[in-house]
Amino acid sequence: MIKNKISIIVPVYNVEKYLSACIESIIGQTYKNLEIILVNDGSTDASGKIMDDYVLRENRIKAIHQDNAGVAVARNTGLQNVTGHFISFIDADDVIAPHFYETMLRSLIDNEADIVECDFIRFANINEIGEHPYSGEPAEKIYDTAKALELLIKEEIKQMPCNKLFTAEVNKGITFPPGKKHEDDFWAFQIIGNAKRMVQRDEVLYFYRTHVESNMGRPYNLTRLDGLSAVEERICYMKEHFPQLENLAIKSFLQGSMWHYQKITKHSEIDPGMISRKNILNKVKTYHTKTAFKGWTFKQQFWYQFFFMAPVLFAKFRNGINIGI
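The letter at position 180 of the sequence shown is residue 182 when you use the numbering used here, and the numbering goes up by one with no holes.
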């Protein structure tokens with residue numbers, strides 16, 4: 003197993019407060035055959051200097067500096083520079099368990115899989131991270147391509163790349179869309195669609211930091227609609243490659259449309275002419291078919307029909323009783 007190099011890509015942008023903790027959690031891994039690629043995406047704080055200091059101390063680290071272009075471009079830059087057999091993405095404000103790569107690589111190889119995913123937890127303070135004991139060996143579930151995609155659509159497999167380890171081969175030709183928010187959503191269905199086998203490991207190995215500057219800490223804005231565009235792209239992908247999952251993908255899009263419409267209505271000042279909400283409704287009409295309702299519960303159908311018939315009233319009512327947001 004020691005021959006298998008893992009390339010780790012860490013996009014870096016203005017995270018001077020958290021970057022050292024992230025890097026230390028990587029260089030302290032029990033698995034040592036690592037290539038650590040830090041991509042400075044035009045940081046205006048001390049992040050770039052922190053990176054360069056680590057390069058002098060640790061020969062497994064490579065620092066790349068570029069003009070600010072967004073996390074998607076930073077990840078793509080990393081992908082252009084990998085030399086490992088396996089690839090991992092880590093966010094620069096997060097940390098990983100000491101045995102993250104040893105455990106994930108063993109799971110990948112033992113199960114002859116292309117992708118492995120672990121559990122993660124969110125934290126605000128590094129002191130919140132403790133041991134996460136299991137009675138016995140953590141469970142592993144193994145899926146073929148179609149099942150993994152089904153679980154991705156159902157959000158039982160996560161879109162995020164950071165809690166995953168995957169082969170370089172399975173990601174061949176797949177990049178992140180420049181200029182898009184929710185770039186993970188465009189990437190996830192493509193790489194899982196390439197995988198012959200995926201493992202889901204029931205063990206917390208990744209720790210996702212939440213703070214004001216993180217995506218989790220930011221208020222809703224219209225750039226979040228990029229995520230809905232990704233879900234629509236996923237419909238087209240399923241129609242072409244996995245037609246048995248097309249209706250499930252449509253259901254996901256319609257439910258996502260309801261959520262975004264309600265959110266925008268709650269923050270109506272960001273959409274004063276209702277242009278974004280009208281665009282959502284026009285898209286919904288495109289996918290409003292009887293076959294799309296197979297597998298919907300009565301409750302799901304009720305809320306959707308309410309939304310379709312009276313979207314403004316639907317959004318105001320749900321916002322008024324504080325559900326679905």
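Ideal Cβ positions, reconstructed from N, Cα and C, are used throughout, including at glycine.
(request) May I have the straight-line CA-CA distance separating PHE310 from ILE323, to the nearest angstrom? (result) For the purposes of this step, residue 310 is taken as the residue at position 308 of the sequence shown. For the purposes of this step, residue 323 is taken as the residue at position 321 of the sequence shown. Roughly 19 Å separates the two Cα atoms.
(request) With a threshold of 16 other CB atoms inside 10 Å of the CB of PRO163, please say whether the residue is buried or exposed. (result) By 1-based counting over the sequence shown, the position of residue 163 is 161. Buried, since its Cβ has 16 or more Cβ neighbours within 10 Å.
(request) Could you have a look at ALA65 and say whether DSSP puts it in helix, strand or coil? (result) Residue numbering aside, residue 65 sits at position 63 when the sequence shown is read from its first letter. Reduced to three states, the DSSP call for ALA65 is strand.
(message) Just to confirm, is the Cβ distance from ILE92 to ILE28 under 8 Å?
(response) Mapped onto the sequence shown, residue 92 falls at position 90. Mapped onto the sequence shown, residue 28 falls at position 26. For ILE92 and ILE28, yes; Cβs fall inside 8 Å.
(message) Helix, strand or coil, according to DSSP, for VAL27 in the structure here?
(response) Reading the sequence shown from its first residue, position 25 is the one you call residue 27. The question names Val, but residue 27 is Ser in the sequence shown. Helix.
(request) Can you give me the Cβ contacts of TYR210 inside the same chain, cut-off strictly under 6 Å, excluding the 5 residues immediately before and after it? (result) Taking the first residue of the sequence shown as 1, we reach residue 210 at position 208. ASP96, PHE122 and ARG124, listed in sequence order.
(message) The beta strand (DSSP E) that contains GLU205, what's its start and end?
(response) As a first step, residue 205 must be located in the sequence shown, where it is residue number 203. Note, GLU205: beta strand (DSSP E), 199-211.
(message) Helix, strand or coil, according to DSSP, for CYS120 in the structure here?
(response) By 1-based counting over the sequence shown, the position of residue 120 is 118. Note: CYS120 maps to strand in three-state DSSP.
(request) Spell out the partners DSSP gives ASP146 in its beta bridges. (result) Taking the first residue of the sequence shown as position 1, residue 146 is located at position 144. Answer is ARG199.
(request) Could you name each continuous alpha helix (DSSP H) segment of 4 residues or more that falls completely within the segment 38-106, going from the start of the chain to the end? (result) 49-59 and 73-82
(message) Restricting to runs no shorter than 4 residues, where is the alpha helix (DSSP H) found entirely within the segment 213-272?
(response) 227-243 and 248-268
(message) Rounded to whole angstroms, what is the Cα-Cα separation between PHE102 and LEU167?
(response) Locating residue 102 in the sequence shown gives position 100, where the first residue counts as 1. Locating residue 167 in the sequence shown gives position 165, where the first residue counts as 1. Approximately 10 Å between the Cα atoms of the pair.
(message) Strictly by DSSP, which residues pair up with PRO13?
(response) Within the sequence shown, residue 13 is the residue found at index 11, counting from 1. DSSP output for PRO13 lists VAL41 as bridge partner(s).
(request) Return the CA-CA distance between ALA251 and VAL233, expressed in angstroms with no decimal places. (result) Looking up residue 251 in the sequence shown gives position 249. Looking up residue 233 in the sequence shown gives position 231. Going by the C-alpha atoms only, they are around 7 Å apart.
(request) Quickly, what does DSSP pair THR169 with across the bridge? List them, please. (result) For the purposes of this step, residue 169 is identified with residue 167 of the sequence shown, where counting begins at 1. Partner(s): PHE88.
(message) Does the contact criterion of 3 or more C-beta pairs under 8 Å hold for the segment 237-257 versus the segment 292-310?
(response) yes
(request) Can you have a look at TYR222 and say buried or exposed, based on whether 16 or more other CB atoms are within 10 angstroms of its CB? (result) Here residue 222 is taken as the residue at index 220 of the sequence shown, counted from 1. Classification for TYR222: exposed.
(request) List the endpoints of the continuous alpha helix (DSSP H) containing THR1. (result) Residue 1 is absent from the structure shown; the chain starts at 3 and stops at 327.
(message) Tell me the residue span of the alpha helix (DSSP H) that contains TYR306.
(response) As a working mapping, residue 306 is identified with position 304 in the sequence shown. Unbroken alpha helix (DSSP H) run through TYR306: 300-311.
(message) Determine whether the beta carbon atoms of GLN144 and VAL84 lie at a separation below 8 Å.
(response) Along the sequence shown, read from residue 1 onward, the residue named residue 144 stands at position 142. Along the sequence shown, read from residue 1 onward, the residue named residue 84 stands at position 82. As written in the sequence, residue 144 is Ile, which differs from the Gln given in the question. No.
(message) Using the Cβ count rule (16 or more neighbours within 10 Å means buried), how would you classify LYS265?
(response) In the sequence shown, counting from the first residue as 1, residue 265 sits at position 263. Looking at its Cβ environment, which holds 16 or more other Cβ atoms inside 10 Å, LYS265 is buried.
(request) Whole angstroms is fine: what's the gap from GLU248's alpha carbon to LYS7's? (result) Counting from 1 along the sequence shown, the entry for residue 248 is found at position 246. Counting from 1 along the sequence shown, the entry for residue 7 is found at position 5. Approximately 37 Å between the Cα atoms of the pair.
(message) Rounded to whole angstroms, what is the Cα-Cα separation between GLU157 and ILE111?
(response) Translated into positions along the sequence shown, residue 157 becomes position 155. Translated into positions along the sequence shown, residue 111 becomes position 109. Cα-Cα distance, rounded: 25 Å.
(request) Might you give, ordered along the chain, the residues of its own chain that have their beta carbon closer than 6 Å to the beta carbon of HIS269, omitting 5 neighbours on each side? (result) Numbered from its first residue, the sequence shown carries residue 269 at position 267. Contacts found: TYR222.
(message) Just to confirm my understanding: we take ILE237, look at its own chain, exclude 5 residues before and 5 after, and list those with CB closer than 7 Å. What are they?
(response) Residue numbering aside, residue 237 sits at position 235 when the sequence shown is read from its first letter. Correct list, in chain order: GLU248, ALA251, ILE252 and PHE255.
(request) Give the secondary structure of PHE125 by DSSP, where H, G and I count as helix, E and B as strand, and everything else as coil. (result) To locate residue 125, count along the sequence shown from 1; it is residue 123. If DSSP states are grouped into helix, strand and coil, PHE125 belongs with the strands.
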